[in-house]
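K.L.:
In the numbering used here, the protein residues as written are 208 to 540.
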Ligand code: UT7
């Protein structure tokens with residue numbers, strides 16, 4: 208039998224650039240709570256959210272993803288033609304096929320880069336980070352763009368008390384490329400299909416078209432069950448990612464969990480016994496929960512505000528529908 212050639216991979220992979228795009232319309236709690244018999248105080252106390260970003264006229268999932276990708280490329284000092292693969296993590300692309308990533312690859316000027324979407328809900332971005340790191344090390348690609356992009360306002364039922372105040376719109380992106388030393392630690396990831404129903408589309412598309420007044424299928428969530436699952440089990444996953452990176456929590460500079468709920472963030476930080484010196488992402492306060500976009504948006508804010516600096520170690524941990532989760536330690540570009 209002939210022996211096939213090995214692809215020459217890089218010794219390690221790291222994040223070369225980070226960028227993000229926030230939907231431009233600022234939507235305060237006061238605009239949401241009237242329809243769901245809630246209050247600004249309740250939403251802030253229970254979730255941490257003061258306001259969220261929703262798209263304005265002219266902003267689309269595609270335009271947000273492209274803007275975030277271009278910002279990440281610029282920070283990496285690269286151009287679109289140097290990108291070999293585009294991965295978009297999203298659950299709000301309105302077309303089942305083709306993938307949004309193919310349009311992003313076109314818009315940013317790649318030379319027909321490989322492009323595909325992944326569906327791992329709020330955990331999608333961290334899944335993409337892991338895949339990109341593996342691809343660069345295995346020699347499948349030299350530069351991979353990983354984008355988390357969501358337009359959740361369209362999938363949100365404004366009359367649903369359990370979700371109307373939570374979800375938001377935006378995009379965040381990184382470029383992953385070759386490195387001499389590891390800048391992306393081993394992933395810890397998994398899923399639990401037994402809890403498939405805890406966060407999901409209320410109807411599938413066939414149910415939607417059968418109704419008299421079809422609407423975009425809204426997301427529904429058994430919030431408190433997800434809250435308890437995330438608060439109690441995700442800390443263990445985070446600690447495992449720290450351990451697999453060969454460091455301890457004392458070596459961490461930043462903690463960037465999926466921006467689902469400030470109380471979940473607090474519970475995880477307590478359970479992991481993070482030192483007080485670790486800077487914690489709180490982007491949810493002004494952005495809401497933007498699912499796959501939330502971690503790169505939160506990290507980019509920390510960089511902009513000086514809470515994360517180049518060379519810092521950051522623990523990323525994402526969790527959501529599926530119930531899917533993924534965590535890794537990365538070095539801030
Ligand atoms: O991104 C994917 C991952 N998503 C998450 O991780 C989200 C996780 N879940 C959450 O963030 C929280 O569960 C919520 C913020 C959604 C809700 O907070 P909670 O502390 O779990 O509240 P709850 O559902 O247990 O409800 C507590 C009380 C109930 O009243 P009683 O039974 O105590 O009288 C609810 O009826 O609050 C009531 N309630 C509300 N009150 C005002 C439920 N929703 C609302 C509301 N406004 N919107």
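We treat Cβ as the ideally placed atom computed from N, Cα and C, and that holds for glycine.
Which value, in whole angstroms, describes the spacing of the CA atoms of residue 363 and residue 215?
P.N.:
The count along the chain shown starts at 1 and reaches residue 363 at position 156. The count along the chain shown starts at 1 and reaches residue 215 at position 8. Distance between the alpha carbons of residue 363 and residue 215 is about 45 angstroms.
K.L.:
Return yes when the C-beta of residue 332 is under 8 angstroms from any heavy atom of ligand 1, and no when it is not.
P.N.:
Translated into the one-based positions of the chain shown, residue 332 becomes position 125. Answer for residue 332: no, Cβ out of range of ligand 1.
K.L.:
Tell me which residues share the same chain as residue 423 and place their Cβ nearer than 7 angstroms to its Cβ, disregarding the 5 neighbours each side in the sequence.
P.N.:
One-based indexing of the chain shown puts residue 423 at position 216. Answer for residue 423: 361, 362, listed in chain order.
K.L.:
Unbroken alpha helix (DSSP H) runs of length 4 or more, entirely within the segment 250 to 296: which are they?
P.N.:
The segment 250 to 296 contains these whole alpha helix (DSSP H) runs: 268 to 283.
K.L.:
Quick check: the Cα distance between residue 308 and residue 499, rounded to an integer number of angstroms?
P.N.:
Residue mapping note: residue 308 aligns to position 101 of the chain shown, counting from 1. Residue mapping note: residue 499 aligns to position 292 of the chain shown, counting from 1. Approximately 14 angstroms, taken between the alpha carbons.
K.L.:
Does the segment 321 to 331 come within contact of the segment 468 to 482, defined as at least 3 CB pairs closer than 8 angstroms?
P.N.:
With a cut-off of 8 angstroms, the segment 468 to 482 and the segment 321 to 331 do not count as touching, because too few Cβ pairs lie within range.
K.L.:
Mind listing, in chain order, the continuous beta strand (DSSP E) runs of no fewer than 3 residues lying wholly within the segment 328 to 393?
P.N.:
For the segment 328 to 393, whole beta strand (DSSP E) runs of length 3 or above, ordered along the chain, are 351 to 358, 376 to 386.
K.L.:
Can you grab the Cα-Cα spacing for the pair residue 530 / residue 429, in whole Å?
P.N.:
Against the chain shown, residue 530 aligns to sequence position 323. Against the chain shown, residue 429 aligns to sequence position 222. Cα to Cα, residue 530 sits roughly 12 angstroms from residue 429.
K.L.:
With DSSP as the reference, please indicate the residues paired to residue 220 in a beta bridge.
P.N.:
Looking up residue 220 in the chain shown gives position 13. Paired residue(s): 385.
K.L.:
Would you tell me roughly how many angstroms separate the C-alpha atoms of residue 235 and residue 434, rounded to the nearest one?
P.N.:
In the chain shown, counting from the first residue as 1, residue 235 sits at position 28. In the chain shown, counting from the first residue as 1, residue 434 sits at position 227. About 23 angstroms.
K.L.:
Alpha carbon to alpha carbon, how far is residue 407 from residue 359?
P.N.:
If you number the chain shown from 1, residue 407 lands on position 200. If you number the chain shown from 1, residue 359 lands on position 152. Approximately 13 angstroms between the Cα atoms of the pair.
K.L.:
For residue 339, which residues of its own chain have a beta-carbon under 6 angstroms away from its beta-carbon, when the five flanking residues on both sides are left out?
P.N.:
Position 132 of the chain shown holds residue 339. Same-chain partners within the cutoff: 351, 353, 383.
K.L.:
From residue 246 to residue 370, what distance separates their C-alpha atoms?
P.N.:
Indexing the chain shown from 1 puts residue 246 at position 39. Indexing the chain shown from 1 puts residue 370 at position 163. Those two C-alpha atoms are separated by around 14 angstroms.
K.L.:
On the criterion of 16 or more Cβ atoms from any shown chain inside 10 Å, does residue 412 qualify as buried, or is it exposed?
P.N.:
Indexing the chain shown from 1 puts residue 412 at position 205. Exposed is the call here.
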